[in-house]
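Heads up, the thing below is written out as structure tokens.
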Amino acid sequence: MAVPYADLQLQYQSIKGEIDAAIAGVIGDNAFIRGSYVDAFECEFAAAAEVAHCVSCANGTDALYLAMRALKVKPGDEVITTAHSWISTAAMITHSGATVVFCDTDEATFTIDPAAIEAAITPRTVGIIPVHLYGQPADMDAIMAIAQKHKLWVIEDCAQAHLARYKGRMVGTFGEAATYSFYPGKNLGAMGDAGAVVTNDAALAEQMAMLARHGGLVKHQHHIEGINSRLDGMQAAILSAKLPHLAAWTAARQAAAEVYDAGLNQIEDVVVPEVAPARSHVYHLYTIRHPRRDALAAHLNANGVQTAINYPTALPFLPAYARFDHRPEQFLNAHRDQGRILSLPMFAEITRQQQDEVIELIRKF
Ligand SMILES: Cc1ncc(COP(=O)(O)O)c(C=O)c1O
Numbered sequence: 431m432a433v434p435y436a437d438l439q440l441q442y443q444s445i446k447g448e449i450d451a452a453i454a455g456v457i458g459d460n461a462f463i464r465g466s467y468v469d470a471f472e473c474e475f476a477a478a479a480e481v482a483h484c485v486s487c488a489n490g491t492d493a494l495y496l497a498m499r500a501l502k503v504k505p506g507d508e509v510i511t512t513a514h515s516w517i518s519t520a521a522m523i524t525h526s527g528a529t530v531v532f533c534d535t536d537e538a539t540f541t542i543d544p545a546a547i548e549a550a551i552t553p554r555t556v557g558i559i560p561v562h563l564y565g566q567p568a569d570m571d572a573i574m575a576i577a578q579k580h581k582l583w584v585i586e587d588c589a590q591a592h593l594a595r596y597k598g599r600m601v602g603t604f605g606e607a608a609t610y611s612f613y614p615g616k617n618l619g620a621m622g623d624a625g626a627v628v629t630n631d632a633a634l635a636e637q638m639a640m641l642a643r644h645g646g647l648v649k650h651q652h653h654i655e656g657i658n659s660r661l662d663g664m665q666a667a668i669l670s671a672k673l674p675h676l677a678a679w680t681a682a683r684q685a686a687a688e689v690y691d692a693g694l695n696q697i698e699d700v701v702v703p704e705v706a707p708a709r710s711h712v713y714h715l716y717t718i719r720h721p722r723r724d725a726l727a728a729h730l731n732a733n734g735v736q737t738a739i740n741y742p743t744a745l746p747f748l749p750a751y752a753r754f755d756h757r758p759e760q761f762l763n764a765h766r767d768q769g770r771i772l773s774l775p776m777f778a779e780i781t782r783q784q785q786d787e788v789i790e791l792i793r794k795f
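Under our numbering, the first residue of the sequence shown is numbered 431, with each subsequent residue one higher.
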């Protein structure tokens, strides 16, 4: 039996009527760029994310850029982030004018290690970007305590963590702002690129909205120099159609993770994802560790099971950051993990039979 890594068609088929009607509505109303569908989605997503303001934009990468520009990041500033993430998190620090400072991850959860943050702070540090990686919240109490002590802003990268909670509180509500990606494969995914930045600060929201829309909210009134990072109506309508299903899809991912946990945690050499106390994990990815990762991946792939490595090279060791001359011993956990992580098939519609197949193949290996 072939088991795909993810299956976007299944989700579409399950709500085809709603999606098709949403797209037809946008075309009928000529509401292609911004407009009522975008306004509606911003309100709906702000409510779902438990924040006052949602500023939609073109993708989750731009969301990070908009947040940092609005927080007035400038050359010479240092921004701390995790060594283990998608490159957007780090690249947008550079593009906003600051210098990226990487921290190692905590051994258990793959998220940034608060002790490493404390050690990385200098007089030039202005902010911290924790990433709720794979769908598990970073240690927000410890991170916010450090931020308050050193008067730093915090932007939470929630691209992989829609609806995840830390001690009952929604991710994205701790820092000054939080960014989301609605890339098609995300837990809430559009049918193209889409993103948002959320905040409880009205002035910051206005600044980010202006930056995303050529520097002004009213046509021809450019108060600052912005960029073009608008959400289009089609994506907004699709996201509005999907949003009411997100809680159920999240619960289905969590149930699938329990099946994997139970089936895999007795198998020698397999380390299942550990969830720290009082954190809810929304399993954008279900990522195990294995000492012979490449051979295991080859075995699964040869038997029809798709897998992925998120990510094959930790950020400090990418050619893009060769200028820093980072050494493995500076990021021991992230460096070790890049050679042993493997993401297994995970999507809301995955069947018990498919999961049993994956588990059995890993057991045989
Ligand atoms: C952690 C993280 N940050 C940022 C992004 C960027 O989002 P996008 O692909 O929508 O630009 C992604 C997803 O790709 C991500 O996984």
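Glycine included, C-beta positions come from ideal geometry on N, C-alpha and C.
- Ligand 1 never approaches Trp-583 closely enough for any of its heavy atoms to be under 8 Å from the residue's Cβ.
- Around the beta carbon of Gly-490, 16 or more other beta carbons sit within 10 angstroms, so the residue counts as buried.
- A Cβ-Cβ separation of about 7 Å places His-514 in contact with Asp-767 under the 8 Å criterion.
- When only Cα atoms are considered, Ala-452 and Gly-619 end up about 15 Å apart.
- Inter-residue distance for Ile-559 and Ala-728 is about 34 Å (C-alpha atoms, whole angstroms).
- Taking a 10 Å sphere around the C-beta of Val-433, we find 16 or more other C-beta atoms and assign the residue as buried.
- For Leu-745, the shortest C-beta to heavy atom distance toward ligand 1 is 8 Å or greater.
- The residue from Ile-523, Phe-532, His-525, Leu-440 with its alpha-carbon nearest to that of Leu-762 is Phe-532.
- Using a C-beta cut-off of 8 Å, the stretch 514–526 makes no contact with the stretch 659–673, since fewer than three inter-stretch Cβ pairs fall below that distance.
- Per the DSSP secondary-structure output, Glu-508 pairs in a beta bridge with Thr-529, Thr-555.
- Put simply, the backbone Cα of Phe-747 is about 44 Å away from that of Ala-461.
- A direct Cα-Cα distance of roughly 20 Å separates Gly-598 from Pro-703.
- No residue range can be given for Gly-465, since it is assigned to no beta strand (DSSP E) and is classified by DSSP as neither H nor E.
- Shortest gap from the CB of Phe-471 to any heavy atom of ligand 1: 8 Å or more.
- The C-beta of Thr-541 has 16 or more other C-beta atoms within 10 Å across all chains shown, which makes the residue buried.
- Annotation for Asn-489 indicates a beta carbon within 8 Å of some heavy atom of ligand 1.
- Looking at the backbone, the Cα of Gly-506 and that of Ile-551 are separated by about 14 Å.
- Exclusion of the five residues before and after Glu-537 leaves Asn-763 as the residues of its chain whose Cβ lies within less than 6 Å of its Cβ.
- Between Ser-466 and Gly-625, the CB-CB gap reaches or exceeds 9 Å.
- Cβ-Cβ distances below 7 Å link Tyr-495 to Met-522, His-525, Ser-526 in the same chain, with the five nearest sequence neighbours on each side left out; the list follows chain order.
- Contact between Glu-480 and Met-570 does not hold, since their C-beta atoms are separated by about 14 Å, which reaches or exceeds 8 Å.
- For Ser-670, the enclosing alpha helix (DSSP H) stretches over residues 663–672.
- About 20 Å separates the beta carbon of Gly-615 from that of Ala-608, a gap too long to meet the 8 Å contact definition.
- Spanning the alpha carbons of Val-530 and His-756 requires a straight line of approximately 12 Å.
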